[in-house]
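Okay, structure first, notes after.
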Amino acid sequence: MAVSLPVLTDPPPNHDDVATWLASLGGPFWIVLTGDDDRRCRVVTTLLHGNEPSGLLALHRWLAERPRPRTRLAVLVANVAAALAPPLFTQRFVPGERDLNRCFQPPFDDVSGALAQAITHDIAAWAPECVIDLHNTSGKGPSFAVATRRDPRLERLAGRFCDQLIVTDFRLGSLMEIPLIHPPLADCPILTLECGGARDPAAVEVASAVYHRLAEWPDLAALPSTPNLDVLIHPLRVELAPDAGIAYAREPEPGTGVTLWARIDAHNRGVTPPDTCLGWLGDGGLANLQARDARGIERIAELLCERDGRLYTRRPLRLFMATTNAEIARSDCLFYAVPA
Ligand SMILES: [Zn+2]
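When we follow this note's numbering, the leftmost residue of the sequence shown carries the number 2, and every step to the right adds one.
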């Protein structure tokens, strides 16, 4: 089966800076490195979001080493158009188009859908042993992995790169859901790795470790298990209610439904105890927020409560992906939460 997106096989080291290199390519492409055993292939996908460059930065640096992996390694650089939309590496998706990582389910009849469909086709063509999809978080925080099911293969992989694996039952149309909708890849282990903040140099090192280890491991099935991996099952997405406003500040913003503490992303580590103040609520109180589970049942009151206009945790919670970017909070969610 032929690959549909452009492929650069064993490219010579590139001496341009990343921006120049990306601009010269102009669109999505695969970098394919010949392996010692080309009957097997491993896949890394990067830059599904144009403002999450760590996977690309680590790739550009790694290619200068002229790597020779054990198996064929195919690396996708996906949303080049969004990354190049000025200013460089600031746009999650091209303005006016859909978020590419919400398009891996029908319909595929626009630019983002067509690209998602081409990526799905190409991953099936590689018939990979595993896929690792590299992202950055918008707020600060440690690296963590996300999967759509419990699978020992995914847990062994995740434990090599982070301490925490989130198993989500939300179906949003992300790349890691391909096995659920594309039967030829039904058994393919796909892991999302959130490498850390988009501007954090440590996130580039996490991405770098993915390339080095996928290139070096002779046999994924021989990876030891990771008993210390913290597996969090089915977190809830805390979202703004329709029409509720959001602000980030150090005091309540008058007339705004939800004002979150300006450094809410500090809660992306460890357990947030009960009765921790996360911000302030305007008229309507807790109704400015919602947290539907994957079956559509509203569960916000199990997580959070309001007293005297302040927003508190109701119980010990693990929070993650808390953003301080109001645009992401509006279009995606405020944070994920799971009772600790
Ligand atoms: Zn992302």
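Virtual Cβ for every residue (Gly too), placed ideally from N, Cα, C.
Being a predicted model, the structure only gives us computed values, none of them experimental.
Per the C-alpha coordinates, the member of L241, A128, L64 and A59 positioned closest to P14 is L64. The set of residues with any CB-heavy atom separation to ligand 1 below 5 Å comprises, in chain order, H50, E53 and H136. Counting of Cβ neighbours within 10 angstroms places R238 among the buried residues, the total reaching 16 or more. Just so you know, the alpha carbons of P253 and I191 end up roughly 41 Å apart.
G56 sits in a helix when the DSSP states are folded into three classes. Cβ contact annotation for F171 (same chain, cutoff 6 Å, sequence separation greater than five): A295, in chain order. Distance from the CA of Y212 to the CA of P12, rounded to the nearest whole angstrom, comes to 16 Å. Check the Cα spacing between D201 and each of L58, V19 and I179: the tightest is with L58. Under the three-state reduction of DSSP output, G142 falls in the coil class, being neither helix nor strand. DSSP lists no beta-bridge partner residue for D100.
For the options I329, W127, A245 and A341, the alpha carbon positioned closest to that of R41 is the one of W127. Counting other Cβ atoms within 10 Å of its Cβ, T10 stays below 16 and is therefore classed as exposed. In the structure shown, the three-state DSSP call for V272 is coil. Per DSSP, the continuous beta strand (DSSP E) segment holding R40 begins and ends at D38 to T47.
In this structure, F30 keeps its C-beta atom at 8 Å or more from the C-beta atom of F145. Burial check for V8: the Cβ neighbour count within 10 Å stays below 16, so the residue is exposed.
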